[in-house]
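Mind the numbering: the sequence shown is residues 5 to 478 in the working numbering, read in order. No residue lacks a Cβ here, since even glycine has one placed at the ideal position from N, Cα and C.
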Amino acid sequence: MGPRWQEILGTVMAALTHLAIGAIGGYPGVTLDQLTDLKSDDLILIGYHEALFASLVHISSAIGCICSGVLQVKLGQRTTLLSVLPLGLGAWLALAFSNSIWLVHLARVVQGLVMGVMVVASNNYVVEIAHSSLRGRLTGCVDITRQIGYLFVYAIGYFEFPWRYIAVLCAVTAIPPFLGLWLLPQSPRWLASQGRIKEAHSALKFYRGEKYDTLTELNLIKDQLDSLDSSDGVLSQVKMLKKPIIIPAFIFLAIFLFTSQFTGNFVILTYSGKIFKNASASVTPKTSLLIIGLVRVLGTFTYICISDSLGRKTSMIGSLLLCAPSLGAMGGYFFLKNGGSDVSLLGWLPLTATVSLAFFICIALPVMSMIPGELLPTSVRALGTSILFLINSLGSFCVSHTYPSIKNKLGQEGAFWIYGIVCVMLAFVAFFIIPETKGRELEEISQEFCEKFYSLPSRRFTLAKKQRKESIAI
C-alpha cells in the first residue's frame, strides 16, 4: 500500500468508533415514543425520567472527556480507545436486558462516559496522524461515520423494532473498531511528547511511507515541544494550559464550542420524533427520521468534497448562515400552528426545514470537531481538547435538557428562533477570529492562533503606556 493508504486505514479504524457514538446519540430519537407510551407493558419513562434519559448521556460524556484527557496523556489515543470499547459493548447489553428504570439510566450514563472518552481520543488520533494535505477530508470521514451511526439507528427504528432489540443491534458497533485498532501504531506526536522519539519516527514512516521526508516533520514536532518546555505528565499539561500564550485562546475556544451546541442540532437529534409528531407533518415521524439520517450523511459527504476547494473556515461560515433560514422557517411554522392558523397546506414545511438544517449543519460540524485538535499545540492537545469537549458536552446537556422548558415558556417557535440567531452569531465570530487551516501544519496553525490572542493584551498595554506618556508631555 502507498503512504496515503496507511493514513486512510488509520482514519477508518478510528472513525469506526463514531459508529458507536452516532448510535448512542441517535437512540433516544427512535425509542422515546416507546419508552413514554403509557399503554406499554414494558418499562415506562414518566415526567423527569424522560428528560433524564435524553440528557444524562451528555453530562456523563462531559466526565468521560476529562477521563479521556488523563488516559490519552498516560496511554495514548489508540490504547485509550481500545480500553473503553468493551465497556461500551457492556453498556448496550445492560440497557437491552435492564429490569428497572434506574438501570436504564445507569446504562445511559456509562454510554455517555464511553462516548466522551472516544470522541476526544478518536478526533485527536486522526488529527495527529493525518498529513496537512489530507487532514480536512480524513477528519470529514470521522464525521460521516458518526452520521452513518445515526442513520443506522434511524433505519432500525423505521422498522419499529422494540427498544431492547435496537439496543442489542447497536451493541455490534463496538466490535469492528476494537478489532481494527490492533493493527495500528500510536500517534507519532503522542510518542514524541513522551520522549519516545525512535517510536515516533517509526510511526511517521508507517503513515507517510519510506520515501517521505519524515525527519523534517519529526523535527518540527520536537521543536514545538521544546519551545513550550513540555513534558509527559498530566500536571505539566495543566501548567502549560495556564501559560499566557495559551490560556486566552483556550478560553475563546471554550466559549465558542459551548455556544455551538445551541444551533438546534442536538434538539433535532434527540427530540425529532416528538417534534414531527407535534408538527402534524405530512410524513410519519419514523420516515422523517430516516430521511434526516440520509441527509446528514449527504451533508457530511458534501463537506468532504468542498473543504479542500473552499477551505474549512469558509465551509463552516457558509453552512451556519444557511442554517438560520431553516430554523426561522421551522419557528414560523410552529408560530402559525400554535396561533391557531390553518397550516394544512404547510405540512411539507417541517420536514423541508429540518432536512435543510440537517444538511447544512453537517457541513459545519466536521470543522467544529477539528477546531480543538488543530488550534491547540501538541504539548496541551490531549488535556486541552478533553476539557473543551467536556464543555461541548455540557453545552449538549444544557440544550437538550432546557429545550422542553424553553418550548413550554416561549413555544417551539421561540426555541428555533433563538437557535437561528446563535448560528448567525457563530458565523460572525468565526469570520473574524477562526483561522483557515487548510493545507497547513498543526504546529504552524496553533502558533499563529495562540499568538493572535497573546498579542492583544500586549497591544493594549503598549497603547495605554503610549497614551500616558503623551498626556504627561502635554
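Quick check on this structure: which residue in the options has the alpha carbon closest to the alpha carbon of residue i?
i, options, result
"I63", "H405, V242, G443, G415", "H405"
"Y337", "L326, S323, A357, C327", "A357"
"Y52", "L36, V371, S65", "L36"
"Q241", "L91, V114, S390, L42", "S390"
"F101", "D46, F420, E378", "D46"
"L294", "A362, G80, G335, T267", "A362"
"K317", "K456, F432, I148, P32", "F432"
"S450", "S409, R444, G443, P381", "P381"
"I321", "F182, L355, C427, A19", "C427"
"A419", "A434, V403, L430", "V403"
"S191", "N103, S319, N127, T291", "N127"
"I438", "T288, T291, F254", "F254"
"V131", "L117, L229, V146", "V146"
"V74", "L229, L353, V124", "V124"
"I249", "S383, T40, T291, L23", "S383"
"P354", "K341, C366, T267, F364", "K341"
"L56", "T263, R112, E440, G184", "R112"
"S72", "A134, F210, Y129", "Y129"
"L39", "Q416, F435, E164, T263", "E164"
"A95", "L138, A27, R141, Y162", "A27"
"S311", "E440, I67, V88, V61", "E440"
"A58", "C309, R300, I272, I367", "I272"
"T220", "L229, H205, D230, V88", "H205"
"L245", "N396, S373, C454", "C454"
"D217", "H135, T306, K243", "H135"
"A19", "Q151, Q198, G388", "Q151"
"Q76", "R193, A24, V301, Y162", "R193"
"L325", "F339, I365, C309", "I365"
"T15", "Y31, P181, P32, L394", "P181"
"L224", "L208, A159, L239, E214", "L208"
"S197", "I308, F435, R385, G30", "R385"
"I148", "V301, V61, N103", "V301"
"P90", "A24, W9, F210", "A24"
"N103", "I48, Q81, L93, G116", "I48"
Terminal residues of the continuous alpha helix (DSSP H) containing residue i?
i, result
"P376", "353 to 379"
"A178", "Neither: A178 is in no alpha helix (DSSP H) and is coded neither H nor E."
"Q115", "105 to 133"
"K78", "52 to 79"
"G153", "139 to 162"
"S197", "192 to 197"
Would you identify the three-state DSSP class for residue i, choosing helix, strand or coil?
i, result
"H405", "helix"
"A477", "Since pLDDT at A477 reaches only 39, below the 50 mark, its modelled position is unreliable, and no value is offered."
"V347", "coil"
"L261", "helix"
"S323", "helix"
"W186", "coil"
"Y216", "coil"
"L97", "helix"
"L398", "helix"
"R444", "coil"
"R292", "Note on residue identity: the sequence assigns Ser, not Arg, to residue 292. Helix, per DSSP."
"I48", "coil"
"R168", "helix"
"R200", "coil"
"P439", "coil"
"G415", "helix"
"K247", "coil"
"S102", "coil"
"G335", "helix"
"T382", "helix"
"T389", "helix"
"F305", "helix"
"F266", "coil"
"S136", "coil"
"S315", "Note that residue 315 is Gly in the sequence shown here, rather than Ser. If DSSP states are grouped into helix, strand and coil, G315 belongs with coil."
- In the segment 10 to 44, which residue ranges form an unbroken alpha helix (DSSP H) of at least 4 residues, counting only runs that do not cross its ends? Runs of the alpha helix (DSSP H) inside the segment 10 to 44: 21 to 39.
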